[in-house]
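Notes follow once the structure below has been shown.
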Amino acid sequence: MALVRGFLGLAAAFCVLVVLVLVVHPHRADGFSRGFFAASKGVVIPPLAGICATSVIVHDYKCQEHEVTTQDGYILSLQRIPEGRVVRNGAGNKRQPVLIQHGVLVDFWDWSWDELVSFDIPAIFDFVYGQTGQKIDYVGHSLGTLIALASFSEGKLVNQMKSAALLSPIAYLSHMNTALGVVAAKAFVGEITTIFGLAEFDPKGEPVGNFLKSLCAHPGVDCYDLLSALTGKNCCLNSSTIDLFLMNEPQSTSTKNMVHLAQTVRDGILAKYNYGRPDYNVMHYGEATPPIYNLSNIPHDLPLFVSYGGQDALSDVGDVMLLLDSFKFHDVDKLSVQFIKDYAHADFIMGVNAKAIVYNQVVAFFKRQYS
């Protein structure tokens, strides 16, 4: 799940520490698509044009809208919180930049998370690093952790990275225990774009709605509480937070991205997108099977904070154990792990106690890297 507006609390929590907060919002759904080419990079848009006005400025934070163009011509939208409510004298642009990356259901078009790894995140890091001249602290949730881990495994970003916090991480998905998710993963075969006739996976649209109804009709699948059916039994949400979520989410993603995630569930490995035929894979990768992202290649001295929940149906404890096993040779003083027994996937973003339990620990972790 991607709960973009839920990151406001996280951004606010970091404002005590951070002057530059960039919330990444790739693959915008406001008329731009992947493939739309822009003439310039790093364009500052008036605040009224986007999320700043609706979700940040109303909470008395300054906010800027930026556009960044990737190497393959896609336009990404970023929101920058340049300072906290209280400006500290002399801090200026020397405070530590933090990049916050959301999860999956944000925007759409024909891409999978491979493109996020290859093009989007590098472009965003180049932009932030160019603006600040400082290495970046990264915060990812859900898919935001997956694309970070895949990038790190290929040596991307690490020279511009100070540390990374991975909340409710997903890399391996073979232990995912939500009945709806398992049934959906089995249904997402490579021909699903033909079934839908669309590259966009819009949870609010009729084709996807009909698809979800068919999934919910399977024995053992309970869709009465769809949020719990997808993410696990969240302990710490309140009705007002859920109402805010339902007003704005879920948004679209690409069908290809959902297929890629389903492949990760079914195959039990972290690999690039499988085009379904050996000759197609050879065309894209030079080999009949998609290359694997080898997480053991992540630099052992990269500071990592991993936080996961005992009730999370997407970031299952068994899969997190597989992920942590990839870090068995990681420098002991560079890896911090937090387990929250009662937390499920959405608690990390919308939990009423998330600041006290999670965000404060992330800030403390970042501060330790400065000493």
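According to mature numbering (1 follows the signal peptide of the UniProt record, and there is no 0), the sequence shown holds residues -31 to -1, 1 to 340 in order.
By construction, the Cβ of each residue, glycine as well, lies at the ideal position given by its N, Cα and C atoms.
Values in this document were obtained by computation on a predicted structure and should not be read as measured data.
Using alpha carbons as the reference points, say which of the options lies closest to residue i.
i	options	result
Ile26	Gly53, Gln40, Glu36 and Ile44	Gly53
Asn226	Trp80, Val37 and His28	Trp80
Asp41	Asp89, Ala186 and Ser120	Asp89
Ser132	Val67, Ala315 and Lys31	Val67
Ala313	Asn203, Ile267 and Phe298	Asn203
Ile267	Ser295, Ala315 and Tyr30	Ser295
Phe335	Pro188, Asp311 and Ile105	Ile105
Lys31	Tyr43, Ile238, Leu196 and Val55	Val55
Ala134	Leu118, Gly124 and Leu239	Leu118
Leu293	Lys310, Ala315, Ser265 and Ile309	Ser265
residue 341	Phe96, Ser87 and Gly201	Given a span of -31 to 340 for the chain in the structure shown, any question on residue 341 remains unanswerable.
Leu273	Cys21, Pro51, Tyr107 and Gln33	Tyr107
Compute the beta-carbon to beta-carbon distance between residue i and residue j, rounded to the nearest angstrom, for a pair I have assumed lies under 8 angstroms.
i	j	result
Ala282	Thr147	4 angstroms
Tyr98	Gln129	5 angstroms
Ile139	Thr114	6 angstroms
Arg49	His35	6 angstroms
Leu196	Ala315	6 angstroms
Sorted by chain position, which residues of the same chain lie with C-beta nearer than 6 angstroms to residue i's C-beta, five sequence neighbours on each side aside?
i	result
Asp270	Asp300 and Lys303
Thr23	none
Gln103	Pro66
Gly320	Cys205
Thr210	Met319
Ser305	Phe274 and Phe334
Phe6	Residue placement at Phe6 is flagged as unreliable, the pLDDT there being 33, under the threshold of 50; a coordinate-derived value is accordingly withheld.
Consult DSSP for residue i and reduce its assignment to one of helix, strand or coil.
i	result
Thr38	strand
residue 392	One cannot answer for residue 392 here, as it falls past the ends of the chain, which runs -31 to 340.
Met252	helix
Ser276	strand
Met130	strand
Phe94	helix
Val332	helix
Ala119	helix
Gln307	strand
Ile105	strand
Val86	helix
Val321	coil
Arg(-4)	With a pLDDT of only 34 at Arg(-4), under the threshold of 50, the placement of this residue in the model should not be trusted; the figure read from the coordinates follows. Arg(-4) falls in the coil class under three-state DSSP.
Pro138	strand
Val67	strand
residue 344	Beyond the ends of the chain as shown, which are -31 and 340, falls residue 344; an answer cannot be given.
His229	helix
Ala282	coil
His28	helix
Ile326	helix
Ser143	coil
Ile20	helix
Could you pull out every residue in the same chain whose Cβ sits closer than 8 angstroms to the Cβ of residue i, ignoring the five residues on either side in sequence?
i	result
Phe317	His110, Leu136, Ser137, Ser276, Gly278, Ala323 and Val327
Asn263	Ser122
Glu256	Asn250
Ile238	Tyr141 and Ile261
Tyr339	Gln65
Spatial neighbours of residue i within its chain, please: C-beta separation below 7 angstroms, excluding the five flanking residues on both sides.
i	result
Trp82	Leu112, Leu115, Ile116, Asn226 and His229
Lys241	Asp83, Tyr254, Pro259 and Pro260
Lys297	none
Ala325	none
Chain C beta carbons: is any one of them nearer than 8 angstroms to that of residue i?
i	result
Asp41	In the structure shown, chain C cannot be found, because there is only a single protein chain.
Notebook entry, point to check: Does the region 247 to 255 touch the region 267 to 279, meaning 3 or more C-beta pairs lie closer than 8 angstroms?
Noted result: no
Notebook entry, point to check: Taking three-plus beta-carbon pairs below 8 angstroms as touching, is the region 282 to 299 in contact with the region 127 to 146?
Noted result: yes
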